[in-house]
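In my numbering, the protein residues as written are 177 to 338.
We put the CB at the ideal spot given by N, CA and C, even for glycine.
The next block holds one structure in the form of C-alpha cells; read it before the comments.
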Ligand SMILES: Cc1cc2nc3c(=O)[nH]c(=O)nc-3n(C[C@H](O)[C@H](O)[C@H](O)COP(=O)(O)O)c2cc1C
C-alpha cells in the first residue's frame with residue numbers, strides 16, 4: 177500500500193495545475209492558503225470545488241466564516257504562492273491583499289477572484305471538500321497563469337506545436 181501511495185503522490189506531481197490562493201478571515205484579518213485542488217463544478221447554479229486538508233487552520237476558519245474566496249494567480253505571483261504554502265506558519269495575507277469587496281478578500285493583481293458562500297462540505301479521507309456557491313467574480317488583467325508541475329512553479333508556454 178505504501179508503494180501505491182508513493183506512486184500516487186508521484187503521479188499527481190506530473191499533473192500540471194494552476195495555482196490559487198483560497199482566502200478567508202482569521203481573527204478579523206485576511207488569511208490565505210495555496211491550493212491547486214480547485215475546479216469548476218456547475219454553472220447553474222455557479223458552483224466551485226476546493227479540497228483542503230482537514231487539519232489545516234484554514235479549513236476550520238472557512239467552516240466558521242461560511243465563506244471563502246479563490247484568487248487565481250498570475251505567473252509573477254510566486255511569492256504569494258510560497259507564502260500560502262508554508263506548513264504550520266500563520267498565513268496572514270495583508271501584504272498581498274488590495275481590496276475587500278464587503279464579502280471577502282482578494283489577492284491583488286490576481287487573474288481573477290471568485291467569492292463564495294459555503295454551499296456544502298464533504299469529508300474525503302484526510303481532506304474536506306468545500307463546494308462554494310459563487311456570489312461574485314472580480315476579473316483582473318488577462319495575463320499568463322502561474323503553474324505548478326513536478327514540485328516546481330513555472331509559466332505557461334504557448335509555443336507547443338500540434
Ligand atoms: C502548488 C501547491 C498546491 C497545493 N494545493 C493544496 C490543496 O489543493 N489543498 C491543500 O489542502 N493543500 C494544498 N497545498 C499545501 C498547502 O498550501 C500547505 O500544506 C499549507 O502549508 C498548509 O497550511 P498549514 O500548515 O498552516 O495548515 C498546496 C501547496 C502547493 C505549493
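Cβ-heavy atom distance, residue 264 to ligand 1, below 6 Å: Residue mapping note: residue 264 aligns to position 88 of the chain shown, counting from 1. For residue 264, the CB falls within less than 6 Å of some heavy atom of ligand 1.
C-beta contact flag for residue 217 and residue 223 at 7 Å: Residue numbering aside, residue 217 sits at position 41 when the chain shown is read from its first letter. Residue numbering aside, residue 223 sits at position 47 when the chain shown is read from its first letter. Yes; because the gap between Cβ atoms is below 7 Å, this pair is in contact.
Buried versus exposed, by CB contacts within 10 Å (16 or more), residue 257: One-based indexing of the chain shown puts residue 257 at position 81. With 16 or more other Cβ atoms within 10 Å, it is buried.
Nonlocal neighbours in the same chain, by C-beta distance under 6 Å from residue 324, ignoring five residues either side: Numbered from its first residue, the chain shown carries residue 324 at position 148. So the qualifying residues of the chain are 193, 195, 212.
Closer than 6 Å: residue 211 CB and nearest ligand 1 heavy atom: Counting from 1 along the chain shown, the entry for residue 211 is found at position 35. Between ligand 1 and residue 211, a heavy atom-to-CB distance of less than 6 Å is present.
DSSP three-state assignment for residue 227, whether helix, strand or coil: Within the chain shown, numbered from 1, the residue matching residue 227 stands at position 51. It is a strand residue.
Any non-hydrogen atom of ligand 1 within 6 Å of residue 228 CB: Translated into positions along the chain shown, residue 228 becomes position 52. Checking every heavy atom of ligand 1 against the Cβ of residue 228, one is found closer than 6 Å.
Under 7 Å between C-beta atoms of residue 310 and residue 292: The sequence position of residue 310 within the chain shown is 134, counting from 1. The sequence position of residue 292 within the chain shown is 116, counting from 1. Cβ atoms of residue 310 and residue 292: closer than 7 Å.
Backbone secondary structure at residue 185 - three-state DSSP: Within the chain shown, numbered from 1, the residue matching residue 185 stands at position 9. DSSP places residue 185 in helix when its eight states are reduced to three.
CA nearest to the CA of residue 237, picked from 215, 329, 268: For the purposes of this step, residue 237 is taken as residue 61 along the chain shown, with counting starting at 1. If you compare the alpha carbons of 215, 329, 268 with that of residue 237, the shortest gap goes to 268.
Burial state of residue 215 (16 or more Cβ within 10 Å): For the purposes of this step, residue 215 is taken as the residue at position 39 of the chain shown. Counting Cβ neighbours within 10 Å, residue 215 comes out exposed, since fewer than 16 surround it.
Closer than 6 Å: residue 283 CB and nearest ligand 1 heavy atom: As a working note, residue 283 is residue 107 in the chain shown. No; taking the cut-off as 6 Å, the Cβ of residue 283 has no heavy atom of ligand 1 nearer than that.
Inter-stretch contact (C-beta, 8 Å, three-pair minimum) for the stretch 178-188 and the stretch 238-253: A contact between stretches requires three or more CB pairs, one per stretch, nearer than 8 Å, and the stretch 178-188 fails this requirement with the stretch 238-253.
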